[in-house]
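Just so it is clear: in the sequence shown, position 486 is 486 by my numbering, and no numbers are missing. We put the beta carbon where it would ideally sit given N, CA and C, even for glycine.
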Amino acid sequence: MIDDEPDSERVSALAPFRHGIFRAVWSASLVSNFGGLIQGVGAAWMMTTIATSSYQVALVQASTTLPIMLFALVAGAIADSFNRRKVMLIAQTFMLVVSVLLTVFTYLGLITPWTLLAFAFLINSGTALYNPSWQASVGDMVPRAKLPAAVALNSLGFNLTRSVGPAIGGIIVAAAGAAAAFAANALSYVGLLIVLARWKPDLPASTLPRETLGAAMGAGLRYVAMSPNIGKVLVRGAAFGFSAGAVLALLPLVARDVVKGDALTYGIMLGAFGIGAVGGALISVRLRQILSSETMVRMAFAGFALCAFDAAVSDHAWQTSLGLLIGGACWVIALSHFNVTVQMSTPRWVVGRVLSVYQTATFGGIALGSWVWGVVADAHGAEFALIAAAVAMLAGGAIGLLLPLPQQAVLNLDPTNRFKEPHLALDLKLRSGPIAIMIEYIIREEDVPEFLATMAERGRIRRRDGARNWTLARDLENPAIWIEHYHTPTWLEYIRHNKRATHADAVVGERVRALHSGDEPPRVRRMIERPTTAGTAIVMPKGPIEH
């Protein structure tokens with residue numbers, strides 16, 4: 001693991017570059033992203049020449065985001081359960097192979113609209129597998145305090161390539177055809193594969209058996225469901241993706257039909273979007289310091305609405321490009337802030353899965369929006385669709401009146417590592433269960449309101465980390481006695497539940513124990529349930545206090 005460094009380094013936007021592996025992966029990703037953008041220009045413009053409707057053109061954008069919506073949760077569970085470096089290597093190799101096949105098919109003249117969409121879908125399925133492991137690995141490359149800067153630098157790197165990549169892609173397509181653009185993308189994977197193959201991360205080995213894929217996915221969904229602040233990010237991310245995705249989905253039509261341009265015009269417009277995104281990445285860290293989360297996101301929604309409206313009413317490429325500068329900045333400010341909020345609100349054991357759920361929501365919104373706005377453009381024209389999307393963006397910003405984003409905070413989400421397995425009188429196996437836990441507190445009458453409020457938070461944390469059937473009961477004969485009760489399916493899940501406790505969670509536990517007025521610590525009973533037909537009595541060994 002990476003230790004935190006002095007506070008003076010934390011405030012630097014370039015501090016993550018002081019870590020060699022981050023610098024190497026960032027540089028290799030720059031080349032890979034460059035190739036991906038060239039390929040994207042080739043695919044989008046090729047579709048304008050072979051498609052029979054605006055709907056099919058918009059589906060190019062949908063085919064790049066739909067795999068992330070469909071496969072992100074599985075990929076997130078894989079990222080948290082397996083070696084992330086190996087997962088990234090497999091994903092990059094898969095994308096390289098598919099890109100080579102796309103190049104060959106295009107060169108041989110075998111591409112149809114649906115074949116092109118299928119290849120785009122496969123390449124981005126590899127991206128869906130890669131992204132959760134890559135984003136979760138950033139926390140393995142830099143200290144937690146530098147995560148916001150690292151995320152901003154990743155956005156900066158991608159958008160540096162976006163500022164020039166599309167224009168170069170347009171030149172390549174115009175001069176040598178789409179096959180050359182696809183070949184350039186295939187070559188761009190090589191450097192990142194070499195860097196990942198050489199990286200040997202020093203990570204703590206897990207002492208527990210790996211969760212099954214289904215259980216890991218369930219744990220990720222449960223964590224998100226029991227984390228209200230993350231839920232707000234998901235809603236806002238989906239709303240932003242649905243409305244803002246219209247601009248990128250319909251931009252080929254804008255370049256061809258509205259401003260009467262060619263592939264180079266389209267590339268230049270995408271380049272303007274990328275330049276704006278670079279600016280957004282450069283100022284996002286500073287904006288986080290001076291503005292609230294909600295203010296930043298509302299500004300991003302409003303700015304992108306302006307971009308969409310400008311693209312609808314402008315018939316000059318230069319004017320549309322100016323609007324795209326604003327749109328690119330707002331795109332990065334919103335999405336990078338959503339990403340940082342999710343990462344800073346999530347412990348390492350589940351970060352890949354939570355990021356994947358966030359990606360499912362956001363890119364699902366983009367995929368759905370691309371389809372919807374494509375249908376609207378087919379029926380009423382790209383200009384009408386972009387104006388309607390601008391109205392939707394303003395409505396998305398207004399959602400903050402009901403679901404404001406949480407204030408920025410830095411929580412210590414490292415594991416406490418306090419839990420020690422108790423000595424038991426029974427010879428339990430890891431698969432033994434169900435396990436019932438009962439914790440007895442003695443609470444003064446004047447402390448009951450505070451106790452109830454604190455236990456509500458404790459119950460949420462318990463259920464979020466895997467406890468089932470959590471309840472709080474009061475003794476009718478001795479009202480000072482309160483019993484916290486919950487289950488885990490097996491002894492292994494009980495151990496796993498306790499090892500997930502973070503320092504931020506421990507603060508809640510300390511508040512509960514401070515309210516306990518007994519002479520001894522709260523009494524803990526760990527029991528294994530047995531059917532009465534088995535003739536086995538329930539054994540209640542005592543153990544030390546939990547987290």
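Notebook entry, point to check: What is the DSSP secondary structure of Ile-443, counted as helix, strand or coil?
Noted result: What you label residue 443 is simply residue 443 of the sequence shown in a count that begins at 1. Of the three classes helix, strand and coil, the one that applies to Ile-443 here is strand, per DSSP.
Check: If you compare alpha carbons, which of Val-332, Asp-80, Leu-59 is closest to Arg-353?
Finding: Position 353 of the sequence shown holds residue 353. When each option's Cα is compared against that of Arg-353, the closest is Asp-80.
Note to self: Considering only the alpha carbon of each residue, which of Gln-343, Pro-404, Ala-329, Ala-506 lies closest to Ile-275?
What the structure shows: Here residue 275 is taken as the residue at index 275 of the sequence shown, counted from 1. Taking only the C-alpha atoms, the option nearest Ile-275 is Ala-329.
Checklist line | Per-residue burial, Glu-484 [other beta carbons within 10 Å of its own, 16 or more giving buried] | finding: Walking along the sequence shown from the start, residue 484 turns up at place 484. Glu-484 is buried by the Cβ-count criterion.
Next item on the list: To the nearest angstrom, report how far apart Ala-272 and Leu-282 are at their CA atoms.
Entry: Residue mapping note: residue 272 aligns to position 272 of the sequence shown, counting from 1. Residue mapping note: residue 282 aligns to position 282 of the sequence shown, counting from 1. Roughly 16 Å between the two C-alpha positions.
Margin query: Using CA atoms only, rank isn't needed, just tell me which of Leu-73, Ile-50, Gly-327 is closest to Val-350.
Written below: Start at 1 with the first residue of the sequence shown, and residue 350 comes out as number 350. Considering only alpha carbons, the answer is Leu-73.
Next item on the list: Work out the CA separation of Ser-32 and Leu-192 for me, nearest whole Å.
Entry: Indexing the sequence shown from 1 puts residue 192 at position 192. Indexing the sequence shown from 1 puts residue 32 at position 32. Spanning the two alpha carbons is a distance of roughly 7 Å.
Next item on the list: For Arg-431, count neighbouring Cβ atoms within 10 angstroms of its own Cβ and tell me buried if that reaches 16, exposed if not.
Entry: By 1-based counting over the sequence shown, the position of residue 431 is 431. Exposed, because fewer than 16 other Cβ atoms sit within 10 Å of the Cβ of Arg-431.
Notebook entry, point to check: At which residues does the alpha helix (DSSP H) containing Trp-199 begin and terminate?
Noted result: Within the sequence shown, numbered from 1, the residue matching residue 199 stands at position 199. Looking at the DSSP string, Trp-199 is not in any alpha helix (DSSP H), and its letter there is neither H nor E.
Margin query: DSSP three-state label for His-380, please.
Written below: As a first step, residue 380 is located in the sequence shown; it is residue number 380 there, counting from the start. His-380 falls in the helix class under three-state DSSP.
Note to self: Does Trp-134 come out as helix, strand or coil in the three-state DSSP assignment?
What the structure shows: The residue you call residue 134 lines up with position 134 of the sequence shown. Trp-134 falls in the helix class under three-state DSSP.
Next item on the list: Counting only the same chain and skipping the five closest in sequence on each side, list residues whose C-beta sits under 6 Å from that of Leu-492.
Entry: Within the sequence shown, residue 492 is the residue found at index 492, counting from 1. Cβ within range, chain order: Leu-430.
Notebook entry, point to check: Whole-angstrom Cβ separation of Thr-106 and Ala-178, contact assumed at under 8 Å?
Noted result: Taking the sequence shown and counting its residues from 1, one reaches residue 106 at position 106. Taking the sequence shown and counting its residues from 1, one reaches residue 178 at position 178. Yes, they are in contact, since the Cβ atoms of Thr-106 and Ala-178 sit about 6 Å apart, within 8 Å.
Note to self: Using a 10 Å radius around the Cβ and a threshold of 16 neighbouring Cβ atoms, would you call Val-285 buried or exposed?
What the structure shows: As a working mapping, residue 285 is identified with position 285 in the sequence shown. By the neighbour-count rule (16 or more Cβ atoms within 10 Å), Val-285 is buried.
Note to self: Suppose you measure from the CA of Ala-181 to the CA of Val-98; what does that come to, to the nearest Å?
What the structure shows: Mapped onto the sequence shown, residue 181 falls at position 181. Mapped onto the sequence shown, residue 98 falls at position 98. Computed Cα separation, rounded: 14 Å.
Check: Which of helix, strand or coil does DSSP assign to Asn-83?
Finding: For the purposes of this step, residue 83 is taken as the residue at position 83 of the sequence shown. Coil.
Notebook entry, point to check: Can the beta-carbon of Ser-53 be found closer than 8 Å to that of Asp-378?
Noted result: Residue mapping note: residue 53 aligns to position 53 of the sequence shown, counting from 1. Residue mapping note: residue 378 aligns to position 378 of the sequence shown, counting from 1. Yes, they are a contact pair.
Checklist line | Secondary structure of Ile-461, DSSP reduced to three states | finding: Reading the sequence shown from its first residue, position 461 is the one you call residue 461. The answer is helix: DSSP assigns Ile-461 an H, G or I state.
Margin query: Run through the DSSP bridge pairs and tell me what Thr-471 is partnered with.
Written below: Walking along the sequence shown from the start, residue 471 turns up at place 471. The partner list for Thr-471 (beta bridge, DSSP) reads His-485.
Checklist line | Residues sharing a beta bridge with Pro-415, DSSP | finding: Along the sequence shown, one-based indexing puts residue 415 at 415. Beta-bridge pairing links Pro-415 to Thr-502.
Check: From which residue to which residue does the alpha helix (DSSP H) around Ile-268 run?
Finding: Stepping through the sequence shown from its first residue, residue 268 is reached at position 268. Per DSSP, Ile-268 belongs to the alpha helix (DSSP H) from 263-290.
Margin query: By the DSSP assignment, the beta strand (DSSP E) with Val-524 in it spans what residues?
Written below: In the sequence shown, the residue the question calls residue 524 occupies position 524. Looking at the DSSP string, the run of the beta strand (DSSP E) that includes Val-524 is 523-528.
Note to self: To the nearest angstrom, how far is the alpha carbon of Ala-24 from that of Arg-210?
What the structure shows: Counting from one through the sequence shown, the residue named residue 24 turns up at place 24. Counting from one through the sequence shown, the residue named residue 210 turns up at place 210. Approximately 30 Å, taken between the alpha carbons.
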